[in-house]
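In this note's numbering, the protein residues as written are -8 to 172. We treat Cβ as the ideally placed atom computed from N, Cα and C, and that holds for glycine. All values reported here derive from a predicted model rather than from experimental measurement. Structure first, then comments.
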């Protein structure tokens, strides 16, 4: 089996999902201000992933986790498959959480902060890939997380209803670095 499906299952689905007493993923309503729509299953919400959310929510509970992991893998593949192996699990989580272009921008910002001549445009191209092949990837990940948290802080300042999500997002960033940093 694809190791990135396993990473999605053991990290993203576990971090994002809520489970019943038997350990199966449940469908749950999102709190006000979440911006992800009305409901989600393991982070797969009905605003950004409407078809997948509907299909996974309709599955028997014991089938949801693997279906969610497979969806996450497929959704993030256009970015993740281009990256060095050491970046793939990290980028998969970041891309699922902030979209392909958003994850790319955070990675590019990390590279730019390290002195690489990279413009954070959200498009993975030859310059970004060449810089990743030269860079200390652990440092790229740390700096990408700083970029991500700075963006989330700015979003919370622009929309005070989002402030309540900052502690959870900071915890998510720590988990991401602990798992892949």
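Can you tell me whether residue i is helix, strand or coil according to DSSP?
i: residue 31; result: strand
i: residue 127; result: coil
i: residue 2; result: helix
i: residue 36; result: strand
i: residue 150; result: coil
i: residue 141; result: helix
i: residue 136; result: helix
i: residue 22; result: coil
i: residue 99; result: helix
i: residue 51; result: coil
i: residue 78; result: helix
i: residue 71; result: helix
i: residue 156; result: helix
i: residue -7; result: coil
i: residue 104; result: helix
i: residue 63; result: helix
i: residue 112; result: coil
i: residue 90; result: helix
Starting from residue i, follow its DSSP beta bridges and name the residues at the other end.
i: residue 16; result: 10
How should residue i be labelled, buried or exposed, when 16 other C-beta atoms within 10 angstroms of its C-beta is the threshold for buried?
i: residue 216; result: Outside the displayed range of the chain (-8 to 172) lies residue 216, so it cannot be described from this structure.
i: residue 36; result: buried
i: residue 4; result: buried
i: residue 62; result: buried
i: residue 1; result: exposed
i: residue 154; result: exposed
i: residue 66; result: buried
i: residue 149; result: exposed
i: residue 33; result: buried
Just checking my contact of residue i with residue j at CB under 8 Å: how many whole Å lie between their CB atoms?
i: residue -1; j: residue 60; result: 4 Å
i: residue 44; j: residue 31; result: 6 Å
i: residue 16; j: residue 29; result: Contact flag wrong, Cβ pair sits at about 17 Å.
i: residue 124; j: residue 75; result: 7 Å
i: residue 92; j: residue 113; result: 3 Å
i: residue 109; j: residue 122; result: 6 Å
i: residue 24; j: residue 152; result: 4 Å
i: residue 27; j: residue 12; result: With a Cβ gap of about 25 Å, residue 27 and residue 12 do not count as contacting.
i: residue 139; j: residue 164; result: 6 Å
Tell me whether the stretch 151 to 166 and the stretch 104 to 124 touch, counting them as touching only if at least three CB pairs, one residue from each stretch, are closer than 8 Å. no
When you compare the stretch -7 to 12 with the stretch 74 to 90, are there three or more beta-carbon pairs, one atom per stretch, that lie closer than 8 Å? yes
With contact counted as at least three CB pairs below 8 Å, one residue from each stretch, are the stretch 97 to 104 and the stretch 129 to 146 in contact? yes
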